[in-house]
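Engineer:
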Amino acid sequence: MTRLKAMALAAIFCGGFSVTASAEVYQPGMQGNGLNDLDDTLVQHGMFGAGFASTLTSNNEHQPSMVFSGRYFAGEKWYLLGELQLGTFSSSAVEIDGEELRAESEEALRYSFGAGYSLLQGTASTSGIRAVPWVLATEFNVGEQTSGDTSGRYTSLGLSVQFQGERIWTALGFREFLISDERLEQLGSDRGMQWDISLGMWF
Amino acid sequence: MQAHRLFRSLVLHIALLSAIALSIPAAFAGQTYIGLRSGPSPAFPVVYEVTEYRELDVIYRRGSWLYVTDSRSNGWIHLDDLHLLRKFPRDELWKLTNEARPGKSRLGFAMTTHSAYALELIGPVFSQDMYVRYTYGPESDTAWSMIDAGIHRKLAEPTDSLVFNWSLGASMGQDSDGSEHWRLDDDDPVWVGTGAVEAVWKTERYFEIGFRGDLAVTLDEDMTTYTTAALIWRMRL
Chain A
615 MTRLKAMALA AIFCGGFSVT ASAEVYQPGM QGNGLNDLDD TLVQHGMFGA
665 GFASTLTSNN EHQPSMVFSG RYFAGEKWYL LGELQLGTFS SSAVEIDGEE
715 LRAESEEALR YSFGAGYSLL QGTASTSGIR AVPWVLATEF NVGEQTSGDT
765 SGRYTSLGLS VQFQGERIWT ALGFREFLIS DERLEQLGSD RGMQWDISLG
815 MWF
Chain B
19 MQAHRLFRSL VLHIALLSAI ALSIPAAFAG QTYIGLRSGP SPAFPVVYEV
69 TEYRELDVIY RRGSWLYVTD SRSNGWIHLD DLHLLRKFPR DELWKLTNEA
119 RPGKSRLGFA MTTHSAYALE LIGPVFSQDM YVRYTYGPES DTAWSMIDAG
169 IHRKLAEPTD SLVFNWSLGA SMGQDSDGSE HWRLDDDDPV WVGTGAVEAV
219 WKTERYFEIG FRGDLAVTLD EDMTTYTTAA LIWRMRL
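First to last, the sequence lines map onto chains A and B.
Just so we're aligned, residue 615 is where the first sequence starts under our numbering, counting upward by one.
Just so we're aligned, residue 19 is where the second sequence starts under our numbering, counting upward by one.
(1) Return yes when the Cβ of A/A688 is within less than 7 angstroms of the Cβ of B/M164, no when it is not.
(2) What span of residues does the beta strand (DSSP E) with A/L798 cover, start to end?
(3) Looking at the C-beta of B/P63, does it have a partner C-beta in chain A at a distance below 7 angstroms?
(4) Look at the Cβ atom of B/M148, then the Cβ atom of B/L249, and state whether they are nearer than 7 angstroms.
(5) Can you grab the Cα-Cα spacing for the pair B/P60 / B/T69, in whole Å?
(6) Listed from N- to C-terminal order along the chain, which residues in the stretch 699-721 of chain A have their beta-carbon within a distance smaller than 9 angstroms of any beta-carbon of chain B?
(7) B/S56 versus chain A: which residues are under 7 angstroms apart at the beta carbon?
(8) Please tell me whether B/V76 has its Cβ less than 7 angstroms away from any Cβ of chain A.
(9) Since B/S123 meets chain A, which of its residues come closer than 8 angstroms, beta carbon to beta carbon?
(10) Below 6 angstroms CB to CB, which residues in the same chain sit around B/F62 once its five sequence neighbours on both sides are set aside?
(11) Rounding to the nearest angstrom, what Cα-Cα distance links B/L114 and A/S732 in this structure?
(12) Is there contact between the stretch 90-110 of chain B and the stretch 130-149 of chain B, where contact requires at least three CB pairs shorter than 8 angstroms?
(13) Check whether the Cβ atoms of B/G168 and B/S185 lie closer than 7 angstroms to each other.
(14) If the cut is a Cβ gap below 7 angstroms, which residues of chain A does B/S158 touch?
(15) Please report the distance separating the alpha-carbon of A/G696 from that of B/D205.
(16) Quick one, which residues of the stretch 211-224 of chain B are near chain A if we go by CB-CB under 7 angstroms, in chain order?
(17) Chain B beta carbons: is any one of them nearer than 7 angstroms to that of A/V657?
(18) Please state whether DSSP places A/K691 in a helix, a strand or coil.
(19) Taking B/G93 as the reference, which of A/E780, A/I710, A/D654 has the closest Cα?
(20) How long is the line joining the alpha carbons of A/S704 and A/E753, rounded to whole angstroms?
(21) Here's the rule: buried if 16 or more other CB atoms are within 10 angstroms of the residue's CB, otherwise exposed. What is B/R23?
(22) Rounded to the nearest angstrom, what separates A/Q759 and A/V708 at their Cα positions?
(23) Going along chain B, which residues have a C-beta under 7 angstroms from A/E690?
(24) Since B/K105 and B/E67 are thought to touch, with beta carbons under 8 angstroms apart, how far apart are those beta carbons, to the nearest angstrom?
(25) Please report the distance separating the alpha-carbon of A/D804 from that of A/I793.
(26) How long is the line joining the alpha carbons of B/Y71 and B/V65, rounded to whole angstroms?
(27) For the alpha helix (DSSP H) containing B/W112, list its first residue and its last residue.
(28) May I ask you to report which of helix, strand or coil DSSP gives B/S27?
(29) Are the C-beta of B/E239 and some C-beta of chain A separated by less than 7 angstroms?
(30) Can you tell me which of the three DSSP states A/I710 falls into?
(31) Tell me, please, which residues DSSP counts as bridged to A/F682.
(32) With DSSP as the reference, please indicate the residues paired to B/Q49 in a beta bridge.
(33) Quick one: which chain A residues come within Cβ less than 8 angstroms of B/L114?
(34) In chain B, what lies closer than 8 angstroms to A/V756 by C-beta?
(35) Out of A/S774, A/I811, A/F817, A/F662, which has the shortest C-alpha to C-alpha gap to A/M680?
(36) Name the one or two DSSP bridge partners that A/S812 has.
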């Protein structure tokens with residue numbers, strides 16, 4: 615009987631030890647590898663900015679506008695692009711066969727998305743002490759432009775030179791664009807070119 | 019005897035000096051210099067060099083590149099070159115490498131030959147890649163749209179950077195503002211079966227460009243069929 619009790623006690627203790635042992639088995643979901651305890655590194659995802667643009671649509675005058683842009687890095691050379699542009703579209707009315715096709719003061723609103731690809735990279739320096747990296751990128755945009763009461767698809771292809779400072783960046787851009795808007799086609803104002811200058815920060 | 023001892027001492031000294039003289043350039047030749055670049059790409063020039071024993075702190079990361087400083091100067095170094103820095107903590111290196119690794123989900127944008135745009139999301143659901151895609155086709159004053167979901171699988175991977183995929187899905191097609199794209203009697207949505215084959219080129223760590231051939235068939239009596247080609251831009255999240 616005593617032997618039986620001893621065996622039972624031994625079984626309990628052994629069971630206890632085996633529970634302790636199984637608790638020490640590495641469980642990936644429970645046990646950290648310590649990497650999460652390290653300080654997080656800041657990550658730069660992209661750049662956003664605001665700027666001024668001057669747009670010259672065919673059969674129209676130069677029109678000023680504000681451009682807001684966001685670029686999200688997709689790799690070393692590619693980035694995704696989003697833009698919002700607000701400005702004036704016309705400063706004089708146009709009538710064809712007695713019908714006013716363009717009002718005297720029309721406003722334009724454009725939103726577009728696209729991608730940019732860095733063609734050339736380099737470093738600019740005036741003093742030789744500080745070096746500022748620059749990028750020449752080609753940018754493709756597709757979106758919609760609303761002017762007056764009509765709207766149409768906006769497509770553009772252009773170049774952008776970006777000077778990338780540590781905290782801020784500045785960019786100069788030039789593009790050619792097409793707008794598939796029947797009213798603008800009648801006016802012969804469905805294409806044009808634009809230059810813009812932007813200043814922004816990293817995020 | 020004296021002369022012999024003197025000669026032996028002379029030989030020993032010459033041997034010792036020769037060994038020292040030979041070891042100095044060898045020691046310098048073994049020194050590794052790591053270049054820090056002015057920007058986050060190998061296309062940017064090296065503007066600063068550090069030895070492998072230099073201690074560098076990471077200021078921030080952009081993709082696979084790190085902007086680092088040794089408190090005297092700053093520059094960009096690729097994650098793959100970080101192991102060359104002998105004093106850089108290994109655990110921090112592992113953490114940075116893990117964080118920079120692209121995920122399995124992808125966000126894509128496509129333009130089709132039917133002048134339509136599509137926005138798509140591909141990601142693992144129960145260890146199987148699934149996709150959800152919204153396509154919008156403006157047609158002057160009218161428009162059509164399609165919301166699509168299904169399975170997305172790899173067909174072949176002939177090289178490290180080129181992948182062929184296929185997908186199969188079910189969609190809801192909708193005409194609006196009088197569009198006759200789906201040739202519907204009314205503006206009620208119609209079920210559409212879709213299939214596609216695509217070739218995707220992994221241009222960068224986080225970015226892919228591809229070409230897709232789509233087939234869409236309305237699941238009604240008319241069985242209106244469309245074949246389209248699409249150019250796709252896809253980002254790994």
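Note that beta-carbon positions come from the ideal geometry of N, C-alpha and C, so glycine has one too.
Keep in mind that this is a model prediction, so the values were computed, not measured.
Structural biologist: A quick look at the data gives this:
(1) no
(2) Careful: A/L798 lies outside any beta strand (DSSP E), inside the alpha helix (DSSP H) at 796-801.
(3) yes
(4) no
(5) 19 angstroms
(6) none
(7) T737, A745, P747
(8) yes
(9) By Cβ distance, chain A contributes nothing, its closest Cβ being about 14 angstroms from B/S123, past 8 angstroms.
(10) R55, S56
(11) 25 angstroms
(12) no
(13) yes
(14) E796
(15) 32 angstroms
(16) T221, E222, R223, Y224
(17) yes
(18) coil
(19) A/E780
(20) 26 angstroms
(21) exposed
(22) 19 angstroms
(23) P58, S59, G81, E222
(24) About 16 angstroms; that fails the 8 angstroms criterion.
(25) 5 angstroms
(26) 18 angstroms
(27) 108-118
(28) helix
(29) no
(30) strand
(31) A/A664, A/L698
(32) None; B/Q49 has no bridge partner.
(33) T655
(34) M129, Y135
(35) A/I811
(36) A/G665, A/A785
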